[in-house]
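Asker: Whatever position you read off the sequence shown (first residue = 1), add 12 for the numbering used here.
Backbone N, C-alpha and C define an ideal beta-carbon position, used for all residues, glycine too.
These figures come from a predicted structure and were not determined experimentally.
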Amino acid sequence: MADWSHQIVLTASILSWFIIGAGLAQTAIYLLQLIVAAYALSMRPPVARSALLWHRYGDVAPPIALLVPAYNEALNVVESVHSMLALEYPNFEVIVINDGSKDDTLQRLIEAFRLVKFHRPYEEELAHQPIRGLYSSPMTERLFVVDKENGGKADAQNAGINVCRAPLFCVIDGDSILEPDALMRAAQPFIDDPERTIAVGGTIRIANGSRIEAGRVR
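1. Report buried or exposed for V212, applying the criterion of at least 16 other Cβ atoms within 10 angstroms of its Cβ.
2. Is it the case that the Cβ atoms of P179 and P74 are separated by a distance below 7 Å?
3. Of the choices V89, E136 and V21, whose alpha-carbon is the least far from that of D116?
4. Report the partner residues of S149 according to the DSSP bridge assignment.
5. Span of the beta strand (DSSP E) holding P81?
6. For V158, is the classification buried or exposed, using 16 other Cβ atoms within 10 angstroms of its Cβ as the cut-off for buried?
7. Throw me the rounded Cβ distance for the G145 and K165 pair, which I believe falls under 8 Å.
8. Where does the unbroken beta strand (DSSP E) through F181 begin, and where does it stop?
9. Within 10 Å of its beta-carbon, does I26 have 16 or more other beta-carbons around it, so buried, or fewer, so exposed?
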């Protein structure tokens, strides 16, 4: 009996030391990664100011389509669109895709931007639910609205990609807010290294509790 007790204690001791060793090794790996990341960040060039970006890339910035899938976004869709139209970029369009909303999302857009139906030829390269109508605004040539049957967010994105004509597109949720120079910063890699740049992303921050005025975080 004593031999069995001794064996159990020995096994437990070995297992405990193994767990402690694995934990220390994992902590060391995380620390090494943190050091490498800090070094990499220190070697990055400073972020250019908005005015400098505009001076460098304003004349060569490629057109961008901002795709905004919207489903039952009546509460904040108008304010969100105003915010997107105020972005600082020379050539972009905002395409809101109303994905068969059951509330008055479409009606609020029609009233706020005086939308009227229009015809815009497009090819259905990506599959999606039928489009019921396309709308443009006499208030701004940058805004278009796609009204389609409900098919989900990915389906709405496909419809937006088919309708847009810009070589680049950016997909954003209807309740998200972009920094004023976000599109210019996103386009920079495509201008500097078009052969190797396929896609870019941004840093997501939580705006809960922040003061938001005119579609911008103050």
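Answerer: Quick look at the numbers:
1. The residue is exposed, with fewer than 16 neighbouring Cβ atoms inside 10 Å.
2. Inclusion of P179 and P74 in the CB contact set at 7 Å is warranted, their separation being smaller than that value.
3. That would be V89, whose Cα lies nearest to the Cα of D116.
4. Paired residue(s): T152.
5. Counting along the chain, the beta strand (DSSP E) containing P81 begins and ends at I76 to A82.
6. With 16 or more neighbouring CB atoms inside 10 Å of its own CB, V158 falls in the buried class.
7. In this structure G145 does not touch K165 by the C-beta definition: roughly 20 Å separates them, more than the 8 Å allowed.
8. Secondary structure note for F181: its beta strand (DSSP E) is the uninterrupted segment L180 to V183.
9. Around the beta-carbon of I26, fewer than 16 other beta-carbon atoms lie within 10 Å, marking it exposed.
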